[in-house]
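*Asks:*
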Amino acid sequence: MGGLTLGARGVRATARIVATPEGLPVLEGEGPLALRRTRARGPYHRVTVVGAMSAPLGGDRIGVEAEVRDGARLHVDSAAATIALPGREGERAHYDVRLAVGEGAELHWLPEQLISASGSDLAMRTRIDLAPGARLVYREEQVLGRHGEPPGTLATRLTVYRAGRPLLDQELAYGPGAPGGWDGAAVLDGHRAAGQLLFVSPELADNPAGARMLGDHAVLTPLAGPALLVTAVAPDARLLRHTLDDALRSHLATR
35 MGGLTLGARG VRATARIVAT PEGLPVLEGE GPLALRRTRA RGPYHRVTVV
85 GAMSAPLGGD RIGVEAEVRD GARLHVDSAA ATIALPGREG ERAHYDVRLA
135 VGEGAELHWL PEQLISASGS DLAMRTRIDL APGARLVYRE EQVLGRHGEP
185 PGTLATRLTV YRAGRPLLDQ ELAYGPGAPG GWDGAAVLDG HRAAGQLLFV
235 SPELADNPAG ARMLGDHAVL TPLAGPALLV TAVAPDARLL RHTLDDALRS
285 HLATR
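So, in structure tokens, the structure goes:
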């Protein structure tokens, strides 16, 4: 992992977490991404990502890497929402997340929302590699614009591999410059918050769920593997979180 770089075109920084059953041998934050060991519930190690400065700004390239080794359990959250802001030169910012979960290991990745502020341009890429016996609870939420403002440009891609095979590959784009129709009835239909929960667990292979609506603006979809995807839209961040929290509690209660 390279050190923090402050270049003419923005910050270059990567934070890194390694979890084992015994502890957190690697917990390294850089630049705008500080990592704090926080109190956990049950058998999990817990890490909270704390924003140490405004980021990502246009031109920044920041990232988080987490490796959950065989048999370990890790819960990662964040202290506040991440706000994508415009830079001075109008350049695109990049935020890359790489997660790896080993055999018999479990990761709960539950950060706060990503807010796409007016004038910003952010590309966010997340890659998750899972062992066959890994378990995952993954949440992501996007809020398009702060209160009363139009959204920035936001492009996201989430790719998930299990045992080296693709489980999910999804791209989304919102705001100025995004393909036409992103705000239409087939996508957001005027809503300003969108999110999803991904559950992966070997037990789902023996007890698959059927596709169904969860209220008026969320749907549960089984994937071609031991996984479920909950996708939701809402008028604002509060209602989106309420919908996803209900789905999360329901899933955890059945385990």
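Throughout, our numbering is defined as the position within the sequence shown, counted from one, plus 34.
We put the CB at the ideal spot given by N, CA and C, even for glycine.
1. Could you have a look at D250 and say whether DSSP puts it in helix, strand or coil?
2. Kindly list the residues whose CB is nearer than 6 Å to the CB of D94, restricted to its own chain and excluding five residues on each side of it in sequence; keep chain order.
3. Measure the Cβ-Cβ separation of E62 and R73 and say whether it is below 7 Å.
4. What is the rounded straight-line gap between the Cα of M35 and the Cα of A219?
5. Taking the straight line between their C-alpha atoms, what separation do you get for A134 and G249?
6. Excluding sequence positions up to five away, which residues of its chain have a Cβ less than 7 Å from the Cβ of A261?
7. Indicate the three-state DSSP secondary structure (helix, strand or coil) for P59 in the structure shown.
8. In whole angstroms, what is the alpha-carbon distance linking E56 and A106?
9. Report yes if the CB atom of A118 is closer than 7 Å to the CB atom of P77, and no otherwise.
10. Apart from the five residues on each side of it in sequence, which residues of its chain come closer than 8 Å, Cβ to Cβ, to L273?
11. Assuming the contact rule is C-beta atoms closer than 8 Å, A266 and G229 should be a hit. Round their C-beta distance to whole Å, please.
12. Straight-line CA distance for D217 to P242?
13. Using 10 angstroms around the beta-carbon of R101, count the other beta-carbons present and answer buried if the total reaches 16, otherwise exposed.
14. Tell me whether T72 sits in a helix, a strand or coil according to DSSP, three-state version.
15. If we count the other Cβ atoms within 10 Å of its Cβ and call it buried at 16 or more, is M247 buried or exposed?
16. Using the beta-carbon count (16 or more within 10 Å), is E140 buried or exposed?
17. Could you tell me which of L263, A268, P269 and G244 sits nearest to A281, measuring between CA atoms?
18. Give the straight-line distance between the Cα atoms of W143 and H79, rounded to the nearest whole angstrom.
19. In angstroms, rounded to a whole number, what distance separates the CA positions of V253 and G138?
20. Cα separation between H109 and V131?
21. Relative to the C-alpha of E123, which candidate in R161, G92 and A258 has its C-alpha closest?
22. P200 lies in the beta strand (DSSP E); which residues open and close that run?
23. Quick one: what does DSSP say R173 is sitting in, helix, strand or coil?
*Replies:* Inspection of the coordinates gives the following:
1. coil
2. G44, V45 and A127
3. no
4. With a pLDDT of only 42 at M35, under 50, the local geometry of the prediction cannot be trusted, and the value read off the model is given with reservation. Those two C-alpha atoms are separated by around 43 Å.
5. 33 Å
6. L201, L232, F233, V234 and L238
7. strand
8. 8 Å
9. no
10. A227
11. 6 Å
12. 32 Å
13. Here residue 101 is Glu; the residue named in the question, Arg, does not match the sequence. Buried.
14. coil
15. exposed
16. buried
17. L263
18. 12 Å
19. 28 Å
20. 15 Å
21. G92
22. R199 to Y208
23. strand
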